[in-house]
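Chains as they are written, first to last, in the numbering used here: chain A, 3 to 139; chain B, 3 to 139; chain C, 3 to 139; chain D, 3 to 139. Backbone N, C-alpha and C define an ideal beta-carbon position, used for all residues, glycine too.
4 protein chains.
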Amino acid sequence: MFIHIHELRVRYSESDRMGTFYNSRLLEWMEVGRTELLRAAGYPYIEWENKGLMAPIVESHLKFKGRAGYDDLLRIETRFSRESRARLRFDTRVCLADSDVTVAEGWTIHALINPEGKPMRIPEWVDDLINGDEENE
Amino acid sequence: MFIHIHELRVRYSESDRMGTFYNSRLLEWMEVGRTELLRAAGYPYIEWENKGLMAPIVESHLKFKGRAGYDDLLRIETRFSRESRARLRFDTRVCLADSDVTVAEGWTIHALINPEGKPMRIPEWVDDLINGDEENE
Amino acid sequence: MFIHIHELRVRYSESDRMGTFYNSRLLEWMEVGRTELLRAAGYPYIEWENKGLMAPIVESHLKFKGRAGYDDLLRIETRFSRESRARLRFDTRVCLADSDVTVAEGWTIHALINPEGKPMRIPEWVDDLINGDEENE
Amino acid sequence: MFIHIHELRVRYSESDRMGTFYNSRLLEWMEVGRTELLRAAGYPYIEWENKGLMAPIVESHLKFKGRAGYDDLLRIETRFSRESRARLRFDTRVCLADSDVTVAEGWTIHALINPEGKPMRIPEWVDDLINGDEENE
């Protein structure tokens with residue numbers, strides 16, 4: 003499966019009094035990973051929304067495995083797959099870029115809806131994106 | 003001048019590795035103060051936006067004077083005034099609720115625009131709100 | 003099981019361009035729910051940390067079921083249980099306070115560690131807190 | 003004066019219901035600018051704190067001049083100067099990377115303190131950093 007790699011640094015604003023990152027930041031980093039995967043694949047998510055296709059999270063599972071503090075360089079590894087005819091899934095691993103030690107892992111499942119909130123099937127161009135990816139394996 | 007009081011507790015997510023609140027949270031607390039002042043005055047800001055009147059910040063000044071950590075109870079004191087024919091001003095003081103020790107002070111100036119971004123004059127009902135306030139002094 | 007109720011309003015800073023709350027805010031609201039449950043139970047979490055007992059999240063599952071936008075009043079329902087000899091679990095439901103419509107549901111599992119990161123067993127006073135709760139059922 | 007340039011993209015989590023970035027994110031981006039300026043200058047701020055020197059914000063002024071939404075590429079321009087014998091100043095301009103249109107401008111003033119909160123004078127190595135910078139003009 004296609005794995006997209008993106009690096010970012012933990013911001014001061016993302017640290018907490020325990021000295022590690024605050025837990026909710028993981029979901030924000032996972033979003034950055036998805037955004038950069040889709041840009042690299044040629045279909046930036048901003049264009050999905052401009053076309054009237056939104057992909058809100060409906061479910062997520064998160065495992066926190068290690069610490070990461072201010073200024074640590076992280077590697078976000080993101081994978082993309084079809085969960086059902088109308089749902090997409092992204093799997094993410096976050097690790098310290100220097101040591102490859104896992105910081106967190108998780109996945110998100112996304113419904114596809116139009117701006118009125120009506121469920122949409124996976125459009126052909128997203129399907130081709132996933133199929134093309136699978137053919138490349 | 004009318005002073006609106008609102009209390010809130012510092013969230014864990016608002017703390018940082020220095021053990022105090024991260025600086026940007028002050029702007030978020032000041033927004034909570036404005037929201038609650040306008041609700042108390044009978045004109046909730048959500049209704050402004052529903053009527054097509056938005057009040058984005060155009061300028062702000064902030065002074066950080068003391069520490070406030072996770073679970074500290076804060077008192078947000080907010081005042082409301084007219085900056086110009088088309089701009090509003092809110093002044094805020096944040097202090098520890100128990101000791102009245104000042105944590106931070108600041109102000110924000112807000113333009114009034116419609117959803118297309120066109121500048122709007124202060125509408126009569128906002129003007130009455132400020133005038134009524136001044137008459138009550 | 004003991005259910006703790008806490009109400010809060012969606013902040014402007016918690017909204018996103020889709021007009022609902024940004025997904026990571028759920029974890030922040032769940033933390034507020036835990037904080038207020040433990041305060042109501044007589045053992046504020048700030049005192050846990052002051053005693054050298056920390057309870058970082060190790061795992062979480064989240065389901066997003068409905069929309070909630072700026073200024074909506076939310077009810078956070080939080081439950082507390084023992085996951086294992088060394089782990090605690092909190093279950094949370096977030097709903098619109100006025101209509102009881104579910105916005106999101108989720109749980110978090112927390113390890114107990116000391117400031118050096120060493121795993122700790124559930125201390126007697128936490129155990130009593132959970133047992134007392136179960137006896138009250 | 004030395005100007006440090008750093009680029010970043012607006013995250014979905016940084017957008018708000020008005021479709022632009024939420025105002026408090028500006029302070030977070032300004033912090034990223036400071037962090038990267040100091041890294042480029044050879045004195046990463048994480049090393050300051052590891053040496054026991056902290057530089058919390060004591061005052062800030064912000065001007066919001068334009069919109070920036072999800073996925074916009076921003077250029078953060080940061081300058082560094084001495085405010086007084088014990089205070090540092092950073093000036094920041096944020097613009098759209100493609101068009102150079104200004105999104106926001108602001109400055110922050112930082113006190114220097116040790117971990118106990120005691121004010122510290124600007125250490126020689128910070129002074130040399132600023133002087134070296136001025137000599138390079």
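- Continuous alpha helix (DSSP H) stretch holding residue 35 of chain D: start and end: 27-42
- Can you name, in chain order, every residue of its own chain whose Cβ lies under 8 Å from the Cβ of residue 71 of chain D, other than the five neighbours on each side? 12, 17, 21, 22, 23
- Message: With three or more beta-carbon pairs closer than 8 Å as the criterion, would you say the stretch 93-100 of chain C touches the stretch 48-59 of chain C?
- Response: no
- Message: Please report the distance separating the alpha-carbon of residue 51 of chain D from that of residue 41 of chain D.
- Response: 13 Å
- Message: Please report the straight-line C-alpha distance between residue 138 of chain C and residue 130 of chain C, rounded to a whole angstrom.
- Response: With a pLDDT of only 49 at residue 138 of chain C, under the threshold of 50, the placement of this residue in the model should not be trusted; the figure read from the coordinates follows. Computed Cα separation, rounded: 12 Å.
- Item | Spatial distance of residue 48 of chain C from residue 133 of chain D (CA atoms) | 44 Å
- Assess, as a yes-or-no matter, whether the stretch 28-35 of chain D is touched by the stretch 117-130 of chain D under the definition of 3 or more beta carbon pairs within less than 8 Å. no
- Task: Just confirm the distance between the C-beta atoms of residue 87 of chain D and residue 124 of chain D, as a whole number of angstroms; I'd bet it's less than 8 Å.
- Result: 6 Å
- Would you tell me roughly how many angstroms separate the C-alpha atoms of residue 104 of chain B and residue 74 of chain C, rounded to the nearest one? 30 Å
- Under the three-state DSSP convention, the category residue 114 of chain B falls into: coil
- Proximal residues of chain D, C-beta to C-beta of residue 12 of chain B below 9 Å: In chain order: nothing, as chain D lies at least about 15 Å away.
- Could you give the DSSP three-state label for residue 60 of chain C: helix, strand or coil? strand
- Message: DSSP three-state label for residue 138 of chain B, please.
- Response: Only weak support is given to the placement of residue 138 of chain B: the predicted model assigns it a pLDDT of 49, under 50, and the question is left unresolved by the model.
- Task: Please list the residues of the stretch 64-75 of chain B that have a C-beta atom closer than 8 Å to any C-beta atom in chain A, keeping them in chain order.
- Result: 71, 72
- Assign residue 105 of chain A to one of three DSSP states: helix, strand, or coil. strand
- Proximity to residue 64 of chain B [Cα-Cα], best of B/44, B/8, B/108, B/10: B/108
- Query: Between residue 59 of chain D and chain A, is there a C-beta pair that is closer than 8 Å?
  - Reply: no
- Message: Taking CB distances under 8 Å as the criterion, tell me whether residue 124 of chain D reaches chain A.
- Response: no
- Query: Do you know whose CA, among B/66, B/60, B/61, B/37, lies nearest residue 60 of chain D's CA?
  - Reply: B/66
- To which residues of the same chain is residue 77 of chain D closer than 7 Å at the C-beta, ignoring the five residues directly before and after it? 7, 9, 97, 99
- Query: Do residue 26 of chain A and residue 15 of chain B have their CB atoms nearer than 8 Å?
  - Reply: yes
- Same chain, Cβ closer than 7 Å to residue 106 of chain A, five either side skipped, listed in chain order: 28, 64, 65, 66, 67, 96
- Message: Cβ closer than 7 Å: which chain D residues qualify as neighbours of residue 81 of chain C?
- Response: Chain D residues near residue 81 of chain C: none, gap ~28 Å exceeds 7 Å.
- Item | Proximal residues of chain D, C-beta to C-beta of residue 62 of chain B below 7 Å | 64
- Item | Proximal residues of chain B, C-beta to C-beta of residue 21 of chain A below 9 Å | 19
- Query: How would you write the range of the alpha helix (DSSP H) that residue 48 of chain B sits in, first residue to last?
  - Reply: 47-52
- Message: Just to confirm the assignment, what range does the beta strand (DSSP E) spanning residue 81 of chain D have?
- Response: 75-86
- Message: I'd like to know whether the C-beta of residue 46 of chain B is nearer than 8 Å to at least one C-beta of chain C.
- Response: yes
- Residues of its chain near residue 84 of chain D, where Cβ-Cβ distance is below 6 Å and the 5 sequence neighbours each way are ignored: 132
- Task: Give the C-beta separation of residue 81 of chain D and residue 5 of chain D to the nearest angstrom, bearing in mind that I take them to be a contact with Cβ-Cβ under 8 Å.
- Result: 6 Å
- Task: Per DSSP, which residues does residue 123 of chain A bridge with? Please list them.
- Result: Paired residue(s): none; residue 123 of chain A is not in a bridge.
- Query: Identify the residues that DSSP records as bridge partners of residue 100 of chain B: which are they?
  - Reply: Beta-bridge pairing links residue 100 of chain B to no other residue.
- 7 Å Cβ shell around residue 43 of chain B - same chain, five flanking residues per side excluded: 131
- Task: State buried or exposed for residue 38 of chain B, treating a residue as buried only when at least 16 other CB atoms are found within 10 Å of its CB.
- Result: buried
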